[in-house]
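With our numbering applied, the sequence shown covers 5 to 187.
From the three backbone atoms N, C-alpha and C, an ideal C-beta is built for every residue, glycine too.
See structure below.
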Amino acid sequence: MTLSATPWPRLAPGERIVWQGAPARGLRLTRRDLMLVPFSMVWLGFVIFWNIGVGHSDGAPLPFRLFGLLFLLIGLFFFVGRFFVDAWLRGRTRYVLTGRRAAIERAEPFGVRTIVDLHAVGDVHVTTELGARGTIRFGAATPLFGFGRSGVSYWVPSLDPIPQFLLLEDADRVFEMVLVARE
Numbered sequence: 005m006t007l008s009a010t011p012w013p014r015l016a017p018g019e020r021i022v023w024q025g026a027p028a029r030g031l032r033l034t035r036r037d038l039m040l041v042p043f044s045m046v047w048l049g050f051v052i053f054w055n056i057g058v059g060h061s062d063g064a065p066l067p068f069r070l071f072g073l074l075f076l077l078i079g080l081f082f083f084v085g086r087f088f089v090d091a092w093l094r095g096r097t098r099y100v101l102t103g104r105r106a107a108i109e110r111a112e113p114f115g116v117r118t119i120v121d122l123h124a125v126g127d128v129h130v131t132t133e134l135g136a137r138g139t140i141r142f143g144a145a146t147p148l149f150g151f152g153r154s155g156v157s158y159w160v161p162s163l164d165p166i167p168q169f170l171l172l173e174d175a176d177r178v179f180e181m182v183l184v185a186r187e
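Okay, structure coming up:
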């Protein structure tokens, strides 16, 4: 992981870091996987059926074979690959909370630095899973089924455009620090 070696974010006069951390490492399931895993299994099952059908037909056109192969790769990503991509991205991410801002940094590739002014952001909330682990979002909540949300970010939470501290070990305690900083 090659995150910036320089202190980041640059602190304003009088600003201090109140917490630093990183998301949980490794493969993780979330509540939305209750819907996504069965959907991806159905997708993958259909694509396997399609590819077997095309494979047993004599002289199937090349576009049919390519269509099946493309959708097989997409299905494998939905079913398995997205967990590895999400774990890899989380392993390259760190969080900083100051008395005024929340900062998120992810190393290259897909590197990004996001700074959220805690007084300017409207919606800040915490969602906890079993135990103390949870996620703090600095923006509008996304419904469980993702209505109004498109793209790969629904499948890979680390790519969500809404700034968030994902899968924190003690999310409620960090959320309390965020609330104190917003006062």
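If we call anything under 8 Å between Cβ atoms a contact, is residue i one with residue j?
| i | j | result |
| --- | --- | --- |
| residue 180 | residue 104 | no |
| residue 21 | residue 100 | yes |
| residue 128 | residue 186 | yes |
| residue 125 | residue 138 | no |
| residue 190 | residue 97 | One cannot answer for residue 190 here, as it falls past the ends of the chain, which runs 5 to 187. |
| residue 157 | residue 170 | no |
| residue 160 | residue 86 | yes |
| residue 182 | residue 140 | yes |
| residue 25 | residue 54 | no |
Using CA coordinates, which residue listed in the options is at the minimum distance from residue i?
| i | options | result |
| --- | --- | --- |
| residue 51 | 39, 120, 78 and 65 | 78 |
| residue 43 | 59, 82, 174 and 102 | 82 |
| residue 93 | 73, 80 and 115 | 115 |
| residue 28 | 133, 182 and 155 | 133 |
| residue 131 | 88, 178, 54 and 89 | 178 |
| residue 76 | 172, 26 and 49 | 49 |
| residue 33 | 15, 88 and 66 | 88 |
Check the C-beta distance from residue i over to residue j and give it rounded, since I have them as a contact under 8 Å.
| i | j | result |
| --- | --- | --- |
| residue 106 | residue 122 | 6 Å |
Report yes if the C-beta of residue i is less than 7 Å from at least one heavy atom of the ligand ADP; otherwise report no.
| i | result |
| --- | --- |
| residue 164 | Absence of the ligand ADP is noted for the structure shown, with no ligands found whatsoever. |
Does residue i have its Cβ less than 8 Å from a Cβ in chain B?
| i | result |
| --- | --- |
| residue 73 | Looking at the structure shown, chain B is missing, and only one protein chain is on hand. |
Report the start-end ranges of each alpha helix (DSSP H) in the segment 28-68 that is 4 residues or longer and not cut off at the edges.
37-60
Runs of 3 residues minimum, wholly inside the segment 77-165: which ones carry the beta strand (DSSP E) assignment?
97-102, 105-110, 116-121, 128-132 and 138-142
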